[in-house]
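In this note's numbering, the protein residues as written are 1 to 307. Step one of this worksheet: look at the structure below.
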Amino acid sequence: MPELPDVEGFRKVFASCAQGEVIRRVDVRDSGVLHGVSARRLRAALEGRRFGRPERLGKWLLAPTGDARTEDARTEDARTEDARTEDARTGDAPSDGVPTDAGPTDEGVAGPTVLLHFGMTGRLVCGRPDDELDPHDRVLFAVGDDRQLRYRDQRKLRGLWLAADDAAVARLLDRQGPDALTVDREEFEAALSAHRGRVKAVLTDQSVLAGLGNLLADEILWRARLNPACHANDLSERERHRLYTHMRRTLRSAVTAGRVPPRPSWLTGHRDDPTPTCPRCHSPLRHARLSSRTTLWCPHCQPEGAA
DNA sequence: CAGATTGTTCTCAT
DNA sequence: TATGAGAACAATCT
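Rendered as structure tokens:
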């Protein structure tokens, strides 16, 4: 379920719960969510440090850490994080700091970065250490005086990674395209025209555009009145422009709501109806498997021969 | 009990 | 090289 708007919500949860706070204790309840790092190493790397400002790229959440003593972890990290995500977005290696020569720079306070991906059922919960444990609480971060940030996930499809430095972060994110929320129109249209696949497959390809999932793609295509099976490079200039506009509008609303809202006026509000009808023209909606994903569209508003 | 669900990554065609 | 289809992953619900 988590797509860009959900992860943006998790970023806010993270920020209000843990940004600038000292990490007192890391409790891994289920190491099945850890990738490339053991519970012991995660603890050793994080405990005693301070969380900086969390960033999001596509469906990834990045949580940098700084030294516990530096009170300015938030401002320091805000600056370096911007540069870091920019590097990852463009696929370039970070221009500063050579990976092999990791000698302390003037910002020797920089610590490792925790990367989180929520798969389909992951979320972040902020509470207190003595809150009742949910069976799906996989990792607990006790932070500050009396708070606890929890990575909760039913199915453990994705999870947590630990990156020692900027280069390691960039390596983990090197397959990510530009973020769907911040991509400009030129870049968006260039990315679309560069692919011949079905527009829905292209929109949800994280290496083309990072952040859109199944529900968002259906919603955006429905609003833009484009058939999900049409080919990305067949779109006219006007259609690409329209798609970009509706992506922006849809994302803006969804980010505000913290998810793709199942409102009656949205296509998403009718996904689970027994016989769904189009909220716009009230003709019956079609659903089929496209790019091995369940796809919902309105044959009337989104006709086969483009619009 | 089969089948579907969600996102990503892998493999195997085409 | 790019695209698509399907499996696998984990856990749960219908």
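Glycine is no exception: its CB is placed at the ideal position from the N, C-alpha and C atoms.
Secondary-structure assignment with DSSP links D27 through a beta bridge to L140.
The residues R240, in chain order, have a CB closer than 6 Å to that of E189 in the same chain once the five nearest residues on each side in sequence are set aside. With fewer than 16 other CB atoms across the displayed protein chains lying within 10 angstroms of its CB, A44 is exposed. Under the criterion of beta carbons closer than 8 Å, L290 and L4 do not qualify as touching, at roughly 20 Å. With a 10 Å radius around the Cβ and a threshold of 16 neighbouring Cβ atoms, R263 comes out exposed. Taking C-alpha positions only, V22 is separated from N227 by approximately 50 Å. Note on geometry: alpha-carbon atoms of G258 and D234 lie some 33 Å from one another.
Residue environment for P178: buried (at least 16 other C-beta atoms within 10 angstroms of its C-beta). The three-state secondary structure of E55, taken from DSSP, is strand. If you check the CB distance, Q206 and G48 do not come in under 8 Å.
In the three-state scheme derived from DSSP, where H, G and I count as helix and E and B as strand, T245 is classed as helix. For G48, there is no enclosing alpha helix (DSSP H), since its DSSP letter is neither H nor E. For H300, the secondary structure class from DSSP, reduced to helix, strand or coil, is coil. T245 and R271 have their C-alpha atoms some 23 Å from each other.
DSSP links Q176 through a beta bridge to no other residue.
For G36, the CB contacts under 8 Å within the same chain, skipping 5 residues up- and downstream, are W161 and L162 in chain order.
For A210 and E304, the gap between their C-alpha atoms comes out near 26 Å. Taking the CA atoms as reference points, V169 sits about 13 Å from P54. Positions of the alpha helix (DSSP H) runs, each at least 4 residues long and wholly inside the region 211-273, are given as 214-223 and 237-257 in order along the chain. A distance of 8 Å or more separates the beta carbons of R155 and H117.
By the neighbour-count definition (other C-beta atoms within 10 Å, threshold 16), T275 is an exposed residue. In this structure, G119 is the residue among R286, G119, A229 and V255 with its C-alpha nearest to the C-alpha of L34. Assigned with DSSP and collapsed to three states, G32 falls in helix. When Cβ pairs closer than 8 Å are counted between the two stretches, the region 9-17 is seen not to touch the region 211-225, the count staying below three. Counting every other CB atom within 10 Å of its CB across the protein chains shown gives D166 a total of 16 or more, marking it as buried.
Taking 8 Å as the cut-off, the beta carbon of D153 is found closer than this to the beta carbon of G122.
The alpha-carbon separation between P129 and L115 amounts to approximately 22 Å.
Just measuring C-alpha positions, the residue of L62, Q302 and L46 sitting nearest R225 is Q302.
Cβ neighbours of V202 within its own chain (closer than 6 Å, five residues either side excluded): H195, V208 and A232. Across the structure, M247 and S38 are spaced so that their CA atoms are roughly 39 Å apart.
At the C-beta level, L216 and V260 come within 8 Å of one another.
By the Cβ-count criterion, G32 is exposed, with fewer than 16 other Cβ atoms from all chains shown falling within 10 Å of its own Cβ.
Per the DSSP secondary-structure output, R293 pairs in a beta bridge with L290.
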